Each structure stands twice: as C-alpha cells, then as structure tokens.
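Numbering (my numbering), first residue to last: 4 to 418.
Just so it is clear, CB atoms sit at the ideal spot from N, CA and C, and this is done for glycine as well.
Quick caveat: nothing in here was measured; it's all calculated off a predicted structure.
These notes are about the structure you will find just below.
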Amino acid sequence: MHSFDQLRISNLLLLDFKLDFRYNNPYVITKTFRLNQSCGIINYNFKRTMSTLPKIVPVKFYLNSDKEKELIIKDNKNRAGIYRWTHIESGKSYIGSSKNLSMRLKQYFNYNHISYPKRNLRIYKALLKYGYSSFNFEILEYCDTSVLLKREQYYFDTLNPEYNILKVAGSPLGYRHSEAAKNLIGLSAKGRNVSELTRDLNRKALTGRTLSKDQLDKMSKGNTFSKSILITNSKTGDSLEFRSMTEAGLYLGVSRITIRNYILKGKPIKDYEIKDLSSLKGIDSTNKSFPQQPILLINNQTGDRKELSSIKEAADYLGVSKGSLWYFFKTTNLSDITQKTLKGYTISKITTDIVKSNRNTKNIEITDLITNKVNVYSSFTLAAKAIDTTSSSISGYFKNKRTTPFKKRYILKLI
Numbered sequence: 004m005h006s007f008d009q010l011r012i013s014n015l016l017l018l019d020f021k022l023d024f025r026y027n028n029p030y031v032i033t034k035t036f037r038l039n040q041s042c043g044i045i046n047y048n049f050k051r052t053m054s055t056l057p058k059i060v061p062v063k064f065y066l067n068s069d070k071e072k073e074l075i076i077k078d079n080k081n082r083a084g085i086y087r088w089t090h091i092e093s094g095k096s097y098i099g100s101s102k103n104l105s106m107r108l109k110q111y112f113n114y115n116h117i118s119y120p121k122r123n124l125r126i127y128k129a130l131l132k133y134g135y136s137s138f139n140f141e142i143l144e145y146c147d148t149s150v151l152l153k154r155e156q157y158y159f160d161t162l163n164p165e166y167n168i169l170k171v172a173g174s175p176l177g178y179r180h181s182e183a184a185k186n187l188i189g190l191s192a193k194g195r196n197v198s199e200l201t202r203d204l205n206r207k208a209l210t211g212r213t214l215s216k217d218q219l220d221k222m223s224k225g226n227t228f229s230k231s232i233l234i235t236n237s238k239t240g241d242s243l244e245f246r247s248m249t250e251a252g253l254y255l256g257v258s259r260i261t262i263r264n265y266i267l268k269g270k271p272i273k274d275y276e277i278k279d280l281s282s283l284k285g286i287d288s289t290n291k292s293f294p295q296q297p298i299l300l301i302n303n304q305t306g307d308r309k310e311l312s313s314i315k316e317a318a319d320y321l322g323v324s325k326g327s328l329w330y331f332f333k334t335t336n337l338s339d340i341t342q343k344t345l346k347g348y349t350i351s352k353i354t355t356d357i358v359k360s361n362r363n364t365k366n367i368e369i370t371d372l373i374t375n376k377v378n379v380y381s382s383f384t385l386a387a388k389a390i391d392t393t394s395s396s397i398s399g400y401f402k403n404k405r406t407t408p409f410k411k412r413y414i415l416k417l418i
C-alpha cells in the first residue's frame, strides 16, 4: 500500500477539484470525509504506478456513464473534442474524437447502433458485454476542429488505449485506405458478377428483417432517445402505436430514416399518416380538456360495447398510452369522431346522459316507414351502418329526445 502523510490527505479532501488527485495518483479516496476522520484508500489501477501513469487531467469526468447519459450529451452539445472510455475494473480504454460530441455520444448510447453486426468496434463490443455502468467517461479536452486529429494522435501516442485497434487519428477502425487502394477496390468491384439469388438475399436482409419481441424491447430500452410513433391508416382510420421509429419502419417495410424524414415533411407513407407522440407521453389523464371524460368503445367486428370512466382507463384497456388516445381526440373532428377507429374499436366521448341510457339498453329497434320492416340491432354502430349514417348521429337523436322520424323515414327506439 502506498504511504500518504496526514497533511497531504487532508489537503486532498478539502479540494473541490478531485480529478487532479484521481489522475495523478493511482489511489482513490473511497468517500468524502471531514478532517480528523479515518478514510479508506483503494488502488485505482493495479497495472500502473505513480511513475508510469501519464499526468493528464480531463476537462470533464463522469464516473457512471450509465446513470449520466443525458448529462453527458447535454454538457457536450455542439462541441468538438477528444473523449475517452475507460473500463473501471481492467483500466483498458478507448480514445476517440468528434466535431460534434453530442451527436457521436448519441450513437454510443443507442443499442441499435452499437449492436449492428457491421460496426465491429472493440469499444462497442465491450459496452455490450460489460454495460455502460462498468465504464467511466471523460472529455480529455475541447479543441478547434482544425487541430482535432492532431490532438487525438497526441493522446494515442501518450496513453496507448487498448480498445483502439490501430492508433492512427481519423482512421475508421484504426485504418485509412490510400487513394490508390480505393481505386483498386472500386475496379475489382465493377467486374464482380452478382446473381439474382444473391441480390434477393441481400434485399431481404435489408428490408425483411424480423426481430423478436425481446429484441425490440432491448432496442427500445437501450435507446434513451427513441420516439413513440402513431401510424394511422388514412383509408380505414385504424391506428397503431409503436415504441420507436425503427419498430414503425419494420411495420411499414421502410427504414427508420425514412420514417423520420416523412415526419419532418408531414407527408404520409403508403396511405399511412405518421405522428411523433414522444412529446405527449407526459400528459396526465386529468388533463383539463378531458377531466374524467367517459369513453365509449365499440368493437367493430362483434359490435360489443365497453364504457370506461376516463381516458386513462380507456388507454389501459386498449393497451396504448394516454398520449396516444389524447392525440386521437385532439386530431379527430368531434362531430365525426365515431367514424374513426383505434386498434379495431370505434371510440367516442360520451355524456353522462348517454352513459346512463346505454347502461339500461344495448338494443336499437329501427322501423322503416317505407318498407314497414322492423329490425333490431345490438349496437349504435351496427344500426348506423344499416341505415347509412354515423353512430354519433344516432346518439344525438336519443340525447336530444327526438320523436320525429330519423331522416324522415326511420323510427328509432331503445329496447
């Protein structure tokens, strides 16, 4: 155990800037102590000694990169510089640089990005194997983009990071092809014959990839920046909610980038309207616009009706978020709302009078004054389809206690 005199430890404990102690000495004080108290000292890196550890002080240090993801990205927004990942237990590190650190870090914290098979970085594999909590993260320095590669090379030469394959600044995977090599690769590719079978397999690999529910869950949880997406069929009115752009893209058979671009443009894809629901996730069910608003759900296939006391209760029943249902009501014309469907249900807001009325009866008797035929229907939806109208019109007929023939032709009666 390295020896420390009492005065030196006391001075170190008083320092607000702890990084100088941590990185100029392989021993770390385990807790923050007051003077005249005992303290524990742990060897930070058994492989290095005082004489071999480089005296480099990072400008930013994050002890637990897993818990500090959002802070790391926020602190480094629109900044250029050199960063380092260090595996806490082994001391192995990776050094990189970026003109926009926040954008690069978003890639590191995106499970879908770092787990992609063709991205074969050692640091990606290490993050997947050990988890973010096993690494601390540092910004070694901020610098101008004009000297970025020069400064990165300096840290390669000084620190010799183990997770970097070749220590050449600016090289993808540590290696950069010369222009002559690029030309040779291009010429060899031009003469290559690819069979139709190979083309089909490549196409399916890109567009027909099927992911299990567990894989989708990992992708969603691992990506702090995922956005919930609502897809609505403009022809049928049916809507589906997805946890991310990737999942929505798989459903439509397009890429995540395509989903993002169409959201930005506000255009539909293949008759599907696409909306970003991420900003609506925090909406509470007691929103003043719909305080404890009763909801009526009608199964479009069976005609079964379900009355729920609030938007939250209806959202839980349908298996969607409150934001998704709130958005449904916000963007749907209230006078025509029951013509819209979500997850196979016709959905409408109902008044207290209609709730009481519907609890007493579910059947509607319709008499055609022209043909004198009498038919009984189990729901407003089925009755509305039979006489070519909307269920909201029939609800309004009973709500207003009308007695005149509906459309001057039909006598409606609740039985």
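Going by DSSP, Thr370 is part of the beta strand (DSSP E) stretching over 367 to 371. By the CB criterion at 9 angstroms, Phe138 and Thr201 fall outside the cutoff. By the criterion of a C-beta distance shorter than 6 angstroms, Tyr265 is surrounded in its chain by Ile272, Ile277, once the five residues flanking it on both sides are discounted. By the neighbour-count criterion, in which 16 or more other beta carbons inside 10 Å mark a residue as buried, Arg246 falls on the buried side. With fewer than 16 other CB atoms across the displayed protein chains lying within 10 angstroms of its CB, Leu372 is exposed. In the pairwise beta carbon analysis, the region 64 to 79 is classified as touching the region 101 to 116: at least three pairs are separated by under 8 angstroms. A residue is called buried when at least 16 other Cβ atoms come within 10 angstroms of its Cβ; Arg87 meets this threshold and is buried. Taking a cut-off of 8 angstroms for Cβ pairs, the region 252 to 262 and the region 294 to 307 do not touch, as fewer than three such pairs fall below it. DSSP places Tyr97 inside the beta strand (DSSP E), whose first and last residues are 96 to 101. Between Lys95 and Tyr166, the C-beta spacing is below 9 angstroms. Per DSSP, reduced to three states, the secondary structure at Asp279 is strand. A distance below 9 angstroms separates the beta carbons of Leu321 and Leu300.
With a cutoff of 9 angstroms on beta-carbon distance, Thr392 and Thr349 are scored as not near each other.
The beta-carbon separation of Thr249 and Tyr275, rounded to 16 angstroms, does not stay under the 8 angstroms limit for a contact. The beta carbon of Asn378 sits closer than 6 angstroms to the beta carbons of Ile369 from its chain, once the five residues preceding and following it are set aside; these are given in chain order.
Annotation: Leu415 to Phe409 spans about 7 angstroms, alpha carbon to alpha carbon. Spatial neighbours of Leu162 in its own chain (CB-CB distance under 8 angstroms, excluding positions within 5 residues in sequence) are listed in chain order as Pro57, Ile59, Arg87, Ser96, Ile98.
Bounds of any beta strand (DSSP E) do not take in Thr392, whose DSSP letter is neither H nor E. Runs of the beta strand (DSSP E) spanning 3 or more residues and lying entirely within the region 123 to 173 occur at 138 to 145, in chain order. Taking 9 angstroms as the cut-off, the Cβ atoms of Tyr119 and Leu143 do not count as close.
Leaving aside the five residues that flank Asp69 on each side, the residues in its chain whose CB is nearer than 7 angstroms to its CB run, in chain order, Gly134, Tyr135, Ser136.
As the crow flies, the alpha-carbon of Lys270 is around 27 angstroms from that of Ala318. Collapsing the DSSP output to three states places Gly84 in a strand. Within the model, the alpha-carbon separation for Ser351 versus Ser381 is close to 17 angstroms. Judged by beta-carbon spacing, Ala83 lies beyond the 9 angstroms limit of Leu152, meaning their Cβ atoms are not closer than that value.
Here DSSP, grouped into helix, strand and coil, assigns Thr249 to helix. According to the DSSP secondary-structure assignment, Lys63 is paired through a beta bridge with Ile142. In the three-state DSSP reduction, Tyr114 falls in the helix class (H, G or I). Under the three-state reduction of DSSP output, Asn264 falls in the helix class. For Tyr119, the secondary structure class from DSSP, reduced to helix, strand or coil, is coil. The three-state reading of DSSP puts Asn378 in strand, counting E and B together. Across the structure, Asn67 and Gln156 are spaced so that their CA atoms are roughly 26 angstroms apart.
Beta-carbon to beta-carbon, Ile397 and Ala387 are separated by about 5 angstroms, close enough to satisfy the 8 angstroms threshold. Exposure of Ser312 is indicated by the presence of fewer than 16 other C-beta atoms within 10 angstroms of its C-beta.
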